[in-house]
Amino acid sequence: MAFLSPLFLLGLAALAVPVLIHLIQRERKRVVEFPSLMFLRRIPYQSVRRRRIHHWALLLLRLAVLALVVTAFARPFFRSGALAAASGGAREVVVLVDRSYSMGHEGQWARVQSAARDEFARLGPGDRASLVAFAAGAELAVRSTGDRDRLAAAVGTLSPTAAATRFGPALKLAASIAAESELPVRELVLISDFQRAAWDPGDAVRLPERTSLRPVSIAPEGAVNLSIAPVTVQRGTFAGQERITLTTGVLNRSDQDLTRDVVLEIDGRPVQTATVQVAAFGSQAVQFEPVLVTKAHTRAVVRLPADALAADNAAYVVLSPPQPLAVTVLSAGSARSAGILHLSRALAIGDRPRFDATYQQGDGVAADLLDRARVVIVTDTAVSAAAAERLARFVEGGGGLLVALGRLGSVPGALLPGTPGPAVERVRGVPGTLGSLEFGHPVFEAFRQPRSGDFSTARFYGYRSLQLDPNLGASVLARFDDGSPALVERRHGQGRVLVWTSTLDLTWSDLPLKPVYLPFVHQLTRYLAAYRELPPSQTVGQVVDAADATATVTGDLVALTPTGARVPLASGAPPVISLDEPGFYEVRPQTAGAAPVLVAASNVELSEADPGRVDPDEIVTALGGAAGGAAGAAGAGVVVPDETQERTQRIWWYLLFAGILLLAGETVLSHRVSRVAR
Amino acid sequence: MVHAPIPGARFVDPAVLARVSNLELVARSVVDGVINGLHRSPFFGASVDFAEHRGYVPGDDIRRVDWRVYARTDKYFVKEFEADSNSNFSVLVDVSKSMAYGARVSKLDYARTLAACLTYLVHQQRDRVGLATFDEDVVDYVPPSAKHLEAVLHTLDRARAVRPGRFGAPVRKLSEHFGRRGIVAVVSDLYEEPSEIFDALGLIRFRGNDVILFHVLDPSEIDFDFADPSAFQDLETGEQLPIVPDALAESYRAQIRAHLADLESRANANRIDYTLLNTRVPLDHALFAYMSIRDRLTRVR
Numbered sequence: 001m002a003f004l005s006p007l008f009l010l011g012l013a014a015l016a017v018p019v020l021i022h023l024i025q026r027e028r029k030r031v032v033e034f035p036s037l038m039f040l041r042r043i044p045y046q047s048v049r050r051r052r053i054h055h056w057a058l059l060l061l062r063l064a065v066l067a068l069v070v071t072a073f074a075r076p077f078f079r080s081g082a083l084a085a086a087s088g089g090a091r092e093v094v095v096l097v098d099r100s101y102s103m104g105h106e107g108q109w110a111r112v113q114s115a116a117r118d119e120f121a122r123l124g125p126g127d128r129a130s131l132v133a134f135a136a137g138a139e140l141a142v143r144s145t146g147d148r149d150r151l152a153a154a155v156g157t158l159s160p161t162a163a164a165t166r167f168g169p170a171l172k173l174a175a176s177i178a179a180e181s182e183l184p185v186r187e188l189v190l191i192s193d194f195q196r197a198a199w200d201p202g203d204a205v206r207l208p209e210r211t212s213l214r215p216v217s218i219a220p221e222g223a224v225n226l227s228i229a230p231v232t233v234q235r236g237t238f239a240g241q242e243r244i245t246l247t248t249g250v251l252n253r254s255d256q257d258l259t260r261d262v263v264l265e266i267d268g269r270p271v272q273t274a275t276v277q278v279a280a281f282g283s284q285a286v287q288f289e290p291v292l293v294t295k296a297h298t299r300a301v302v303r304l305p306a307d308a309l310a311a312d313n314a315a316y317v318v319l320s321p322p323q324p325l326a327v328t329v330l331s332a333g334s335a336r337s338a339g340i341l342h343l344s345r346a347l348a349i350g351d352r353p354r355f356d357a358t359y360q361q362g363d364g365v366a367a368d369l370l371d372r373a374r375v376v377i378v379t380d381t382a383v384s385a386a387a388a389e390r391l392a393r394f395v396e397g398g399g400g401l402l403v404a405l406g407r408l409g410s411v412p413g414a415l416l417p418g419t420p421g422p423a424v425e426r427v428r429g430v431p432g433t434l435g436s437l438e439f440g441h442p443v444f445e446a447f448r449q450p451r452s453g454d455f456s457t458a459r460f461y462g463y464r465s466l467q468l469d470p471n472l473g474a475s476v477l478a479r480f481d482d483g484s485p486a487l488v489e490r491r492h493g494q495g496r497v498l499v500w501t502s503t504l505d506l507t508w509s510d511l512p513l514k515p516v517y518l519p520f521v522h523q524l525t526r527y528l529a530a531y532r533e534l535p536p537s538q539t540v541g542q543v544v545d546a547a548d549a550t551a552t553v554t555g556d557l558v559a560l561t562p563t564g565a566r567v568p569l570a571s572g573a574p575p576v577i578s579l580d581e582p583g584f585y586e587v588r589p590q591t592a593g594a595a596p597v598l599v600a601a602s603n604v605e606l607s608e609a610d611p612g613r614v615d616p617d618e619i620v621t622a623l624g625g626a627a628g629g630a631a632g633a634a635g636a637g638v639v640v641p642d643e644t645q646e647r648t649q650r651i652w653w654y655l656l657f658a659g660i661l662l663l664a665g666e667t668v669l670s671h672r673v674s675r676v677a678r
Numbered sequence: 001m002v003h004a005p006i007p008g009a010r011f012v013d014p015a016v017l018a019r020v021s022n023l024e025l026v027a028r029s030v031v032d033g034v035i036n037g038l039h040r041s042p043f044f045g046a047s048v049d050f051a052e053h054r055g056y057v058p059g060d061d062i063r064r065v066d067w068r069v070y071a072r073t074d075k076y077f078v079k080e081f082e083a084d085s086n087s088n089f090s091v092l093v094d095v096s097k098s099m100a101y102g103a104r105v106s107k108l109d110y111a112r113t114l115a116a117c118l119t120y121l122v123h124q125q126r127d128r129v130g131l132a133t134f135d136e137d138v139v140d141y142v143p144p145s146a147k148h149l150e151a152v153l154h155t156l157d158r159a160r161a162v163r164p165g166r167f168g169a170p171v172r173k174l175s176e177h178f179g180r181r182g183i184v185a186v187v188s189d190l191y192e193e194p195s196e197i198f199d200a201l202g203l204i205r206f207r208g209n210d211v212i213l214f215h216v217l218d219p220s221e222i223d224f225d226f227a228d229p230s231a232f233q234d235l236e237t238g239e240q241l242p243i244v245p246d247a248l249a250e251s252y253r254a255q256i257r258a259h260l261a262d263l264e265s266r267a268n269a270n271r272i273d274y275t276l277l278n279t280r281v282p283l284d285h286a287l288f289a290y291m292s293i294r295d296r297l298t299r300v301r
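Protein sequence lines, in the order shown, are assigned to chains A and B.
Everything in the first sequence is counted per this note's numbering, starting at 1 for the first residue and increasing by one.
Everything in the second sequence is counted per this note's numbering, starting at 1 for the first residue and increasing by one.
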C-alpha cells in the first residue's frame, strides 16, 4: 500500500484529538470530586459499564470515519509489485536480458547476468520463470520452468551481440509467454541500460491482464567512449581515374575532451592516420585523402583506439572500382542523328551507374554486343528476324529489352507483349497525354512523391496502338489519356521486355524536353538491367540478398562471417546473408581458391552507443496505457506511475464511500443509544 | 461582638447572630452547672419556680421558712425552689476531607460558622463552651470552660479538612470527656452507616448529655444535579468511578433520601435532635428555624 499524497496522513493525528479529549475529560478536566462515593458505589455497576461500552463503540465508529476520510485524501493505491505479492499465488516471471552491444561496456555484462540470476534466485517454490535474450530481436532462451539452476546456467551462456536494442519484439515475446501462463501472477523483468533509441512509443505492445512490468536499469557510469560515425563514400575523377574520398566522424560520448588517432586501413593495411580532438559530448569530422581503388571488393576500415566500448570503434566499408552498365542502342540513324540525340545524351549523363552505351544502326545486332550488353534499346527501328531471335535469347538469359515503337518499330516473333498496330495521330486537336501511371512499379516509383516528376505536361502527337496478347502475361504500366497503352511490360525467360508505344525523341512527343525525361530513361535502363547497387556499408541486423551477385555463379556457395565462420548457402534457396556481426561478410564458391563474388560491410548501429537514456517509467506508462485499454475496468496489474495506478484503482472513492456508510451507521447507532439512555 | 484580633472571629457571622440573638439554646435535659443559668439544675436552689415544701431541719436558713404555712399548721416548713444552672456546651465538628466539599461554600466553612455562632450564643448565656474536632481521630479538643470562647474560635480557625474521616471511633473517644451532663452539638456530613453513627452518639447521650446532631450537606449531594458523564472521585479515598449522571441520579437520590430518613428515624428513637442543614440555605435562616422549634418545644415541658 502506498499513498499519492502521504502528507494528508498527518491528518490521522486528528484521531488522537477526540481520544485525548476523552481521556483528559475523563482523567483530568472531567474528574468530579465528590465527598463520598458511598451511595454511588451501591448502585449496580453494570449500568455504568454498559453505558461506557456503548460510548466507546460510538467513539470507535467516529474515529473510523475520520480515519477513512483522511486515508481517502491521502489517495492510497497498491503498487503492482505489492499487488502481486499481496494477491499471493505462484508467479510466472519472464526475465528479459538486454544483450545489445552497449552491454559490452567494461563490467556491465557481469552486472546484467548478476541481476538476472538474482531474479531467478528470488523465485518461490511454485514460481516459474522464462529467460528472453534480446537486442534488435528477441530469443527465448529458456521457456517457463521452475528449475532455477537451469535458468542461472542459461544466463551464463549468453553474451552481448553486435545488435542494437529494441524493446518492442522482446516485450511482445514476453507478453505472449505471460499470456500463455496459467499462473495467477505474471511479472516481466526488463534488465537493460534503457537507451533512448531502443524504445519506440509506437510499438503496439500489450501486456496481458494481471501482468506487471518491472524495469531493472543497469547503465554504465562515467565510461569513456568514442564512436565512429558511418563512412560516406564520395567518388571523383582525377586524371581520368576514379578516386574515392572517405569521410567519417568521431563522436565523443564522454564528458572529457579527448584526442585520438583515427586510422584508415585498406585491405588490412593502415594507409592513413588522422588525429582528431573531440570536445566532450561533441563530434569531429574526419576526411581522408582520396584513394584509388582498382580492385573489386576492396575492404576499408576506419578504426579508433580501444576504449570502454569496443564495438563502435571501427567502421567498415567495401569499395569497388566503377562498373558501367553496358547498353546497346539500335536505331535507324547514328548516335548523333536527331532520332537518338536526346537518348544518347541522357545515357551519357548517368553516374549511378554510369552507362556505357553502344550505338548500332540498321536492323541487325552483333552477337558480341549482345554478349557484353545488359540492356538493348531498339528505337523506331524494324528489327530483322535474325536479330529478333538473338534478342529473344538475350532476354531469356536475363537481358533487358526496351522497344520504342515509333512509326517504324517492329520486332518479329513473340518477343513483344503484343502486336503493334497502326499509328494513332494526335496532331490535330488536343495532343495526347499520359493518363495513368503505375506508380507502384519500379520504373515509376521514383516519381511517386509530389514534385518528383510530372509526366502530365508531356504532349504526345502520335503513338502506335498495341494489341496485347493475353497469354503473354503483359502488364500495362502507363496509358495515354484515350486508354491506349503507353508502356507495356512482359517477362521473357529471366529477362524483361518493355514496349514504349511512342518515341523517345521529338518525332511524336515533347517528352525529351521535359525534366522528367532523364530520370525516366535512367529508371527504364536500370530496371531492365536489374541493376541493384550494393551499399558500401550496411548495419548489423540487415539482410543482404546475394542473388544478383551470384546469378552467374554455378556450384555451391559459402558465406564467411567476420569471425571466420563458414555458412554454406543452400542451393536452390535464395542466397541471403543475415548480418549479425560487425565486419566483412563474403560470399564465394566453395571451390578452393575461388575469388569472392560478394563482399558486404557490416557496422554496428551507432544509436546504440548513444548514452541518452529513456526513463523506464516512460515505458511502463506506455505499456500501462496500452494494457489499460485492453484490460478495461479489470485493472491490469501493470506497473505504471503512481498517479496512473492511483487513478486506475480509485481506492479513495471506496474509502470515502465506506466513510459515508459508517457515518450513516453512526447516526443510527447514536440515535439508538440516546433513546436507550432516555 | 468579636473583635478582629481573634482569628476565628470571622466565623461569628453577625447576620446569623442578629437572626438568633433573641433565642436561647437551652438544654432540654438537666445539666450540671455551678452558677445560675438558663438550664435546669439537678439541685434545688434559688429561683422563682416553686418546687415543694419540706420540714425545717436545723441549719436551714430561717429566711426560707414559709411563715404562712407555719401560721396555718404551726409547724416549720421550708419552701423549695427549682434551681437554674449554667451548662457545658461542646461542639463536635467533623473536619474530615469530605467536609471540604462545596461549590459555593464548603461544608466545613458552613460547619465552622455554625459552631462559632452557637458557641458565641451559648457563651453569652454564661454557659461553658468547648470544642472538639475530629476526622478519623480526634484532632483538637478544647474542654468546656467559661473562658474558652477564644480558644474555641482559634481552634475553629485552624481546622483543616485534610484527612479521611470516620465517625464512630473518634466520637467514642470523645465521649469519655463528656462525663458531666451538658449540651453536645455534633456537626458532620455523616457519611457513615447510621447504626455506627448512633452507636457512637449513644455513649454521649447515655451520659446524660443533650445531643444535637447537625447534618450538613451540599445541595449537589442531595439533588445530584450533575449533567456530564464524568469520573467521580471520592474526596477521602481518592477512588474514582465513571459515572453517567443521567443514568444514576435517580438511584442516588433514592439512596440519599433513604439515608436521611434512616438518620432521622434513629435520632428520634435516641432522643437526639437531628437537623439537616443544606448549605444552599443561609445559616441564619437554617439556625433560626431550628432554634425556634427547639425553643418552642423546650418551653412546653
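Glycine residues also receive a C-beta, built at the ideal position from the N, C-alpha and C atoms.
Everything numeric in this text was worked out from a predicted model, so none of it was measured.
Inset, instruction - Compile a chain-ordered list of the residues in the region 250–270 of chain B whose CB is closer than 8 angstroms to at least one CB of chain A. - result: Of all residues in the region 250–270 of chain B, the ones placed with a Cβ closer than 8 angstroms to any Cβ belonging to chain A are Ser251, Tyr252, Gln255, Ile256, His259, in chain order.
Inset, instruction - Give a yes or no on whether the minimum CB-CB distance between Val669/A and chain B is below 9 angstroms. - result: First, the residue type needs correcting, since residue 669/A is Leu and not Val in the sequence shown. No, no contact with chain B.
Inset, instruction - Using a Cβ cut-off of 8 angstroms, pull out every chain A residue sitting near Tyr110/B, in sequence order please. - result: Those within 8 angstroms of Tyr110/B in chain A number zero; the least Cβ separation is about 13 angstroms.
Legend entry - Pairwise C-alpha distance: Thr245/A and Glu187/A: 53 angstroms
Inset, instruction - Answer yes or no: does any C-beta atom of chain B fall closer than 9 angstroms to that of Ile43/A? - result: yes
Legend entry - Proximity to Gln241/A [Cα-Cα], best of Val224/A, Pro321/A, Ala163/A: Pro321/A
Inset, instruction - Determine which residues of the region 97–122 of chain B have a Cβ less than 7 angstroms from any Cβ of chain A, and write them out in chain order. - result: Taking 7 angstroms as the Cβ-Cβ cut-off against chain A, the residues of the region 97–122 of chain B that qualify are Ser98, Tyr101.
Inset, instruction - Give the single residue among Glu646/A, Glu581/A, Ala385/A whose Cα lies nearest to the Cα of Gly362/A. - result: Ala385/A
Inset, instruction - Compute the minimum distance between the beta carbon of Ser537/A and the heavy atoms of the ligand NAD, and state whether it is under 8 angstroms. - result: No copy of the ligand NAD occurs in the structure displayed, which carries no ligand at all.
Legend entry - Coil, strand or helix - Arg128/B by DSSP: strand
Inset, instruction - Could you confirm whether any beta carbon from chain B is found closer than 9 angstroms to the beta carbon of Pro35/A? - result: yes
Inset, instruction - Report the rounded CA-to-CA distance for Arg63/B versus His53/B, giving the unit in angstroms. - result: 14 angstroms
Inset, instruction - Give the secondary structure of Arg294/B by DSSP, where H, G and I count as helix, E and B as strand, and everything else as coil. - result: helix
Legend entry - Boundaries (first-last residue) of the beta strand (DSSP E) holding Val142/B: 138–145
Inset, instruction - Report the residues of the region 185–198 of chain B with a CB closer than 7 angstroms to any CB of chain A, ordered along the chain. - result: Asp189, Tyr191
Legend entry - Three-state secondary structure (DSSP) of Thr561/A: Note: Thr561/A maps to coil in three-state DSSP.
Inset, instruction - Anything in the region 216–230 of chain B with a Cβ closer than 7 angstroms to a Cβ of chain A? List those residues in chain order, please. - result: Flagged, chain order: Glu221, Phe226, Asp228, Ser230.
Legend entry - Collapsed DSSP secondary structure at Ala110/A in the structure displayed: helix
Inset, instruction - Give a yes or no on whether the C-beta atoms belonging to Leu405/A and Pro420/A are separated by under 9 angstroms. - result: yes
Inset, instruction - Report yes if the C-beta distance between Leu504/A and His297/A is below 9 angstroms; otherwise report no. - result: no
Inset, instruction - Taking 8 angstroms as the threshold, find out whether the region 311–321 of chain A comes into contact with the region 484–499 of chain A through three or more Cβ pairs. - result: no
Inset, instruction - May I ask you to list the residues that DSSP assigns as paired with Asp234/B? - result: Phe34/A
Inset, instruction - Kindly indicate if chain B contains any beta-carbon less than 9 angstroms away from that of Leu40/A. - result: yes
Legend entry - Chain-ordered chain A contacts of Asp234/B [CB-CB under 7 angstroms]: Phe34, Ser36, Leu37
Legend entry - Beta-carbon neighbours of Glu176/B, restricted to chain A and to distances below 8 angstroms: In chain order: nothing, as chain A lies at least about 27 angstroms away.
Inset, instruction - Could you say if the region 245–253 of chain B and the region 263–270 of chain B meet the contact criterion of at least three C-beta pairs nearer than 8 angstroms? - result: no
Inset, instruction - Return the bridge partner residues of Ser436/A from the DSSP annotation. - result: Paired residue(s): Arg479/A.
Inset, instruction - Anything in chain A within Cβ reach of Glu239/B, meaning under 8 angstroms, just list it in chain order. - result: Leu37
Legend entry - Closer than 9 angstroms to chain A by CB, Ile243/B: Contact of Ile243/B with chain A is assigned, a C-beta pair being separated by under 9 angstroms.
Legend entry - Collapsed DSSP secondary structure at Val376/A in the structure displayed: strand
Inset, instruction - Compute the distance between the beta-carbons of His259/B and Pro194/B, then report whether it is under 9 angstroms. - result: yes
Inset, instruction - Alpha carbon to alpha carbon, how far is Leu663/A from Ala289/B? Give it in angstroms, no decimals. - result: 58 angstroms
Inset, instruction - Check whether the Cβ of Ser159/A lies closer than 9 angstroms to any Cβ atom in chain E. - result: The structure shown contains no chain E; its protein chains are A and B.
Legend entry - Segments of 3+ residues assigned as beta strand (DSSP E) that fall wholly inside the region 160–189 of chain B: 182–188
Inset, instruction - Find the nearest neighbour of Ala115/B within the set Ala200/B, Leu92/B, Met99/B, Asn88/B, judged by alpha-carbon distance. - result: Leu92/B
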